[in-house]
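Numbering (the working numbering), first residue to last: 357 to 781.
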């Protein structure tokens, strides 16, 4: 159902849109340019629309996937666009599986089923695979798999399962390095849980850690040999930090200073080289942050609002001037976020041990975007987790009412909440 819905919308858009434009803007801008370079035999290079040499702007998984599509179906062709959009739709649809199984493991089958339907119909999960040729939908799938695996492994003594966990983390980080912020917290929680139930937990955690390190090492070694400097995963943090923290930022970020959109910056990037350019931008950003703390706090506020509502400003400030479709987007984004955090609160109130991984995902993952710049697309990888929590936010008070009705007035002073809605039924 999820895949059919996405493909139906894709074919509707395909028949309605004009012929695909020739160029990288349709194919994820920098992602498409790096993929074009790979397909042309130029290596992992040139993220801008000029030849700038080797790059570490991205981690390798999605650019190589897109390059494979270019090799088979042509670079910047309508056929390639349809294929990569279909793959994105498949990634998004497959995310229903971890959404369902995470919901079932923690909250029961009723919450699991409704969580799957919420993800199936969630507008961002339906539109982003078509709108963005980026790792967005693949990252959402990987986030769901990471949480599912983390919750499942705490009782496992199977070495192969823990090795697979390390490989999954390596794949996730080499797809979207923002996942790295979650790794120490989720792995620590998993190790703590395993230590109470598994005798040889140190060996298992060590195996997963070693496999992760081995999995990401080839990329780190490649970057060191290429740039003669340690570049762990991506090189572009300095630029992203600068775009969100400089004197020209009005509220969240200054997109017009991006080398993609600014001829002067692009020429500076080409002349200085990627690593030197990024280092300079990071120095400029840190200097601005140190000398303009009030502006930085204002930017942080705007980004926080944008991350959870899709609006740069508080909804009350923009509601009267926004078109109807933006109002709908603001309202849905706001409601989705409120329900997700409410679900997290209810889970903690029900004393669920699994509250910690959910909290880590919601609270830690967006931090890097608060200090750089935000977008609902950047938040989308954690939307599967939010879908489960949003459903639980609705199910929890219903289960309480059902239990109260079943137990009678005496239940008012009885034990706290039921474990899951289905159990109450």
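Note that CB positions come from ideal geometry on N, CA and C, so glycine has one too.
This structure is a prediction, so every number in the text was calculated from the model and none was measured.
{"Item": "Candidates 666, 602 and 749: closest to residue 648 by CA position", "Value": "602"}
{"Item": "Under the three-state DSSP convention, the category residue 793 falls into", "Value": "Here the chain covers residues 357 to 781 and nothing more, so residue 793 does not appear."}
{"Item": "Cα-Cα separation between residue 658 and residue 668, rounded to whole angstroms", "Value": "5 Å"}
{"Item": "Cβ neighbour criterion (16 or more within 10 Å) applied to residue 619", "Value": "exposed"}
{"Item": "Three or more C-beta pairs below 8 Å linking the region 574-591 and the region 622-634", "Value": "yes"}
{"Item": "Inter-residue spacing [alpha-carbon to alpha-carbon] between residue 741 and residue 461", "Value": "13 Å"}
{"Item": "Sequence-distant residues of the same chain with beta carbon closer than 8 Å to residue 406, five excluded per side", "Value": "622 and 626"}
{"Item": "Beta-carbon separation (whole angstroms), residue 479 vs residue 613, contact threshold 8 Å", "Value": "Their Cβ separation, rounded to whole angstroms, is 31 Å, which puts residue 479 and residue 613 out of contact at 8 Å."}
{"Item": "Cβ-Cβ distance between residue 498 and residue 527 below 8 Å", "Value": "yes"}
{"Item": "Under 8 Å between C-beta atoms of residue 445 and residue 363", "Value": "yes"}
{"Item": "Collapsed DSSP secondary structure at residue 701 in the structure displayed", "Value": "helix"}
{"Item": "Between the CA atoms of residue 505 and residue 698 - distance to the nearest angstrom", "Value": "24 Å"}
{"Item": "Start-end ranges of the beta strand (DSSP E) lying completely within the region 694-757, minimum 3 residues", "Value": "none"}
{"Item": "Through-space distance from residue 361 to residue 553, alpha-carbon basis", "Value": "42 Å"}
{"Item": "Residue 438 versus 392, 732, 403 and 370, residue with shortest Cα-Cα distance", "Value": "370"}
{"Item": "Rounded C-alpha distance that separates residue 595 from residue 630", "Value": "10 Å"}
{"Item": "Buried versus exposed, by CB contacts within 10 Å (16 or more), residue 472", "Value": "buried"}
{"Item": "Residue 587 versus residue 550: straight-line alpha-carbon distance, rounded", "Value": "33 Å"}
{"Item": "Given residue 384 as reference, the closest of 424, 432, 372 and 409 once Cα atoms are compared", "Value": "432"}
{"Item": "Cβ-based neighbour list, residue 425, same chain, cut-off 7 Å, excluding 5 preceding and 5 following", "Value": "436, 439 and 440"}
{"Item": "Beta-carbon proximity list for residue 611, same chain, < 6 Å, skipping 5 on both sides", "Value": "none"}
{"Item": "Whole alpha helix (DSSP H) elements within the region 468-518, 4-residue minimum", "Value": "479-487 and 492-508"}
{"Item": "Residue 684, buried or exposed, once every other Cβ within 10 Å from all chains shown has been counted against 16", "Value": "exposed"}
{"Item": "Short Cβ contact (8 Å threshold) for residue 391 with residue 423", "Value": "yes"}
{"Item": "Terminal residues of the alpha helix (DSSP H) in which residue 427 lies", "Value": "417-429"}
{"Item": "Alpha-carbon to alpha-carbon, residue 574 and residue 548", "Value": "30 Å"}
{"Item": "Environment of residue 346 [buried if 16+ CB atoms lie within 10 Å]", "Value": "Outside the shown range of the chain, which is 357 to 781, sits residue 346, and nothing can be said about it."}
{"Item": "Selection from 725, 448, 387 and 750 that minimises the alpha carbon distance to residue 496", "Value": "448"}
{"Item": "Helix, strand or coil at residue 676 [DSSP, three-state]", "Value": "coil"}
{"Item": "Spatial neighbours of residue 541 in its chain, beta-carbon cut-off 7 Å, leaving aside the 5 residues before and after", "Value": "716 and 720"}
{"Item": "Bridge partner(s) assigned by DSSP for residue 401", "Value": "410"}
{"Item": "Helix, strand or coil at residue 606 [DSSP, three-state]", "Value": "coil"}
{"Item": "Segment limits, alpha helix (DSSP H) that includes residue 581", "Value": "557-583"}
{"Item": "CB contact flag (residue 563, residue 520, <8 Å)", "Value": "no"}
{"Item": "Backbone secondary structure at residue 458 - three-state DSSP", "Value": "helix"}
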